[in-house]
Amino acid sequence: MSTVSCAKCTPVPVPAPIVPSPNESSTAKWVGATVAGLVIWALAYSQLIPFSDWLVARLPVDPRSHLGAAISFFAYDTPKVLMLLTLVVFAMGVVRSFFSPEKTRALLAGKHEGIGNVLSAGLGILTPFCSCSAVPLFIGFVSAGIPLGVTFSFLIAAPMVNEVALGLLFALVGWKVALTYLAFGLAVAIVSGWVIGRLHLENWLEEWVRNLRTTPAELEPEQIGVVDRIKAGLEAVRDIVGKVWLWIIAGIAVGAFIHGFVPSSLLAEIMGRDAWWSVPAAVLLGIPMYSNAAGIIPVVEALLTKGAALGTVLAFMMSVIALSLPEMIILRKVLSIKLIAVFIGVVGAGILAVGFLFNALFQ
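Residue numbers (the working numbering): 1278 to 1640.
As structure tokens, then:
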């Protein structure tokens, strides 16, 4: 601190200028860069339709032809879905920085069926994992002594009702569908887990899982700041979007083909409300496939625009996400074949019920 003096007065202290600490300066830079990135994202998103129109107009294809319609769908949906996915995953990466697998296990441990099923299904919404990615956490929950039915509620909800699926459904087909999907998806996860828990099938776990010692989760104190949470969001984008973008483009390509070349009358006949068998057929068709929510939703969008019944399409989507064949193969390391069969049967019955109910509600 310096002083100012004159001949007739005593020295007056002058406060030193306030210099922000390196941490404060770094935080301001990260927050500013994040805000700037969100503004750029919004501006780019607002120009997607003009961009797709401009791109298709430059191609030697009649925009009114089947090929032109398919190219237009692909040119618009590819950046749209990827941008929406990036935004949703970043936001939920920041949200998930408040949680950790250890905290999740500690929260669920000791919870009785019913309350535990609701909590685990709710936590599944915050984990944007495909079905195979959710399996390691499922194994961790089982080994931590969390009830089997509670862990199954998480395993079902994590891939099927996560925030990526809800965000994309909201953006692509509207809030009513997204909200109804959330309600019915959670109902499937909670009820299916509760039913499996009431069957008391712990002896159908693989022996090495049953023999694991259960130890209480030890939580380390966490000091996570704003910059760390922004970095967590960016890391989620790098990890998740980096792994699924090819699946998304493949899904959009399938959707573009359906949009441009498949007649509406054919889809309405096969997947319409009048075909009672369409819901179980869609579930059986979806089980051998493998995709995440982001990859299958463009196909859902194309099917709906062509007149397919909402319940049938969402039953197909649920079966692809929640009952994929790769997931069953991974679960075989933990569950016996009998328990896997029960899991498929209970969840499949719930998905069938959702499909029929959706078709009845959305006439």
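The C-beta atom is built at its ideal place from N, Cα and C for all residues, glycine as well.
Which of helix, strand or coil DSSP assigns to residue i
i	result
LEU1396	helix
LEU1336	coil
ILE1344	The residue asked about is misnamed: residue 1344 is Leu in this sequence, not Ile. In this structure, LEU1344 counts as helix in the three-state DSSP scheme.
LEU1482	strand
LEU1476	coil
LEU1600	coil
ILE1295	Reliability fails at ILE1295, whose pLDDT of 47 lies under 50, so the model's placement of it is uncertain and no value is given.
THR1491	With a pLDDT of 43 at THR1491, under the threshold of 50, the modelled position of that residue is not reliable, and the figure given next carries that caveat. Looking at THR1491 - three-state DSSP - the assignment turns out to be coil, as it is neither helix nor strand.
LEU1629	helix
Pair within 8 Å by beta-carbon distance, residue i and residue j
i	j	result
ASN1636	GLY1563	no
VAL1365	GLY1444	yes
VAL1427	LEU1459	no
ILE1525	LYS1583	no
SER1469	PHE1431	no
ARG1506	SER1374	yes
GLY1502	THR1304	yes
VAL1504	TRP1307	yes
VAL1623	ILE1473	yes
ILE1628	VAL1465	yes
ALA1579	SER1555	no
GLY1532	VAL1576	yes
LEU1446	ALA1455	yes
GLY1537	LEU1315	no
PRO1327	VAL1333	no
Proximity to residue i [Cα-Cα], best of the options
i	options	result
ASP1354	VAL1450, LEU1638, THR1311, ILE1317	VAL1450
ALA1442	PHE1429, LEU1336, ASN1480, GLY1401	GLY1401
VAL1395	TRP1471, VAL1611, LEU1456	TRP1471
ASP1342	ALA1313, PRO1540, GLY1462	Note that residue 1342 is Ser in the sequence shown here, rather than Asp. The shortest Cα separation from SER1342 among ALA1313, PRO1540, GLY1462 belongs to PRO1540.
ALA1321	GLU1483, TRP1524, PHE1639, MET1360	MET1360
VAL1560	MET1595, ILE1526, SER1323	MET1595
SER1329	GLY1519, ILE1501, ASP1516, LYS1357	LYS1357
ARG1487	ALA1319, PRO1424, VAL1619, VAL1338	PRO1424
ILE1621	ALA1599, LEU1638, TRP1554	ALA1599
ALA1530	ALA1346, ARG1335, ALA1334	ALA1346
VAL1597	LEU1581, VAL1619, ALA1558	ALA1558
ILE1617	ILE1317, PHE1429, SER1323	PHE1429
LEU1581	PHE1639, ALA1313, ALA1527	PHE1639
PRO1436	TRP1452, THR1457, GLY1399	GLY1399
GLY1625	THR1311, TRP1522, ILE1433, ARG1335	ILE1433
GLU1483	GLU1512, LEU1602, LEU1608	LEU1608
Proximity test, residue i beta-carbon vs the ligand COA heavy atom, cut-off 7 Å
i	result
GLY1510	Looking at this structure, you won't find the ligand COA or any other ligand, since it has none at all.
Short CB-CB distance (under 8 Å) between residue i and chain B
i	result
MET1360	No chain B appears in the structure shown, which is made up of a single protein chain.
Open item on the list: Would you call the segment 1362 to 1374 in contact with the segment 1334 to 1350, where contact means no fewer than 3 C-beta pairs closer than 8 Å?
Closed with: no
Open item on the list: Three Cβ pairs or more, each shorter than 8 Å: is that satisfied between the segment 1578 to 1592 and the segment 1617 to 1635?
Closed with: yes
Task: Cβ contact check for the segment 1608 to 1617 and the segment 1475 to 1487: 3 or more pairs under 8 Å - done: The segment 1608 to 1617 and the segment 1475 to 1487 touch, with no fewer than 3 CB-CB distances between them shorter than 8 Å.
TODO: With a floor of 4 residues, list each alpha helix (DSSP H) that falls wholly inside the segment 1312 to 1336, ordered by position along the chain.
DONE: 1325 to 1334
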